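Have a look at the structure below before the remarks.
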Amino acid sequence: ETGVTQTPRHLVMGMTNKKSLKCEQHLGHNAMYWYKQSAKKPLELMFVYNFKEQTENNSVPSRFSPECPNSSHLFLHLHTLQPEDSALYLCASSQDPGRSTDTQYFGPGTRLTVL
Amino acid sequence: GENVEQHPSTLSVQEGDSAVIKCTYSDSASNYFPWYKQELGKGPQLIIDIRSNVGEKKDQRIAVTLNKTAKHFSLHITETQPEDSAVYFCAASRGGSQGNLIFGKGTKLSVKP
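Protein sequence lines correspond, in order, to chains A and B. My numbering puts the first residue of the first sequence at 570, with every later residue one more than the last. My numbering puts the first residue of the second sequence at 7, with every later residue one more than the last.
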């Protein structure tokens, strides 16, 4: 199994709730990512952190707020979500995103349902 | 920006047959092409990748070919087994893009015993 873990695995929340997703990587990597996976759509990159600094924010709505306290941990804080935000949220890590041979390793994902 | 097209969206084969999944990309500067396998309830797992300086790479029953001129790459699985059933994703990126892998929409492969 991978060295990237995510909790919780499943989450159901109302539109007015506040919740957080957690990701931890045990691979000694320097970069971490959040992706959104919706049915019949390509994986969508949301955020990239390299050495704890955010280097990419793909026009993600402000109701999604990432936090990266160190290179091993990544959070995604959620508030006032919409039903269309229901999806599988995947975390990934890699050694060096600036290198052409860099490989990303994914966690199992959090299945989020917004009621 | 980069755009990756993947075909077919679903593929059903008999156990022991071969399966081929094809992807095309638009950005000629892309130089890294990984393939991921995603089983039910799991995240995508890297199964093989290829860099732009090679045309083919093989790992047991899995092979990937790359045609840079035509900007397409393919995944070949030989002697398929039921445990090969999963969704397969191709992706493309260019070096220095800060991890911006562009994924195809996926191919659901079913291997019938």
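Every residue gets a Cβ at the ideal spot worked out from N, C-alpha and C, and that includes glycine. Note that the coordinates shown come from a computational prediction; the quantities given were computed from them, not determined experimentally.
- With the criterion set as a beta carbon lying under 8 angstroms from some beta carbon of chain A, the members of the stretch 35-55 of chain B are 37, 38, 40, 42, 47, 48, 49, 50, 51, 52 and 55, in sequence order.
- Exclusion of the five residues before and after residue 588 of chain A leaves 580, 582 and 647 as the residues of its chain whose Cβ lies within less than 7 angstroms of its Cβ.
- It is roughly 33 angstroms from the alpha-carbon of residue 26 of chain B to the alpha-carbon of residue 598 of chain A.
- Under the Cβ distance rule, residue 61 of chain B does not count among the residues neighbouring chain A, no pair being separated by less than 8 angstroms.
- The criterion of a C-beta distance shorter than 8 angstroms is satisfied by residue 37 of chain B and residue 669 of chain A.
- Within chain B, the residues 42, 44, 48, 49, 50, 51 and 52 have their CB atoms less than 9 angstroms from the CB of residue 675 of chain A, given in chain order.
- In the structure shown, residue 65 of chain B falls within a strand segment according to DSSP collapsed to helix, strand and coil.
- Below the 8 angstroms Cβ cutoff, chain B contributes 49 and 50 as neighbours of residue 659 of chain A, in chain order.
- Residue 67 of chain B has a beta carbon lying at 8 angstroms or more from every beta carbon in chain A.
- For residue 33 of chain B, the three-state secondary structure derived from DSSP is coil.
- Between the stretch 16-34 of chain B and the stretch 72-81 of chain B there are three or more C-beta pairs closer than 8 angstroms, enough to call the two in contact.
- Close to chain B, meaning a Cβ-Cβ distance shorter than 8 angstroms, are the following residues of the stretch 585-617 of chain A: 600, 602, 609, 610, 611, 612, 614 and 617.
- Per DSSP, the beta bridge partners of residue 19 of chain B are B:117.
- Taking C-alpha positions only, residue 681 of chain A is separated from residue 95 of chain B by approximately 21 angstroms.
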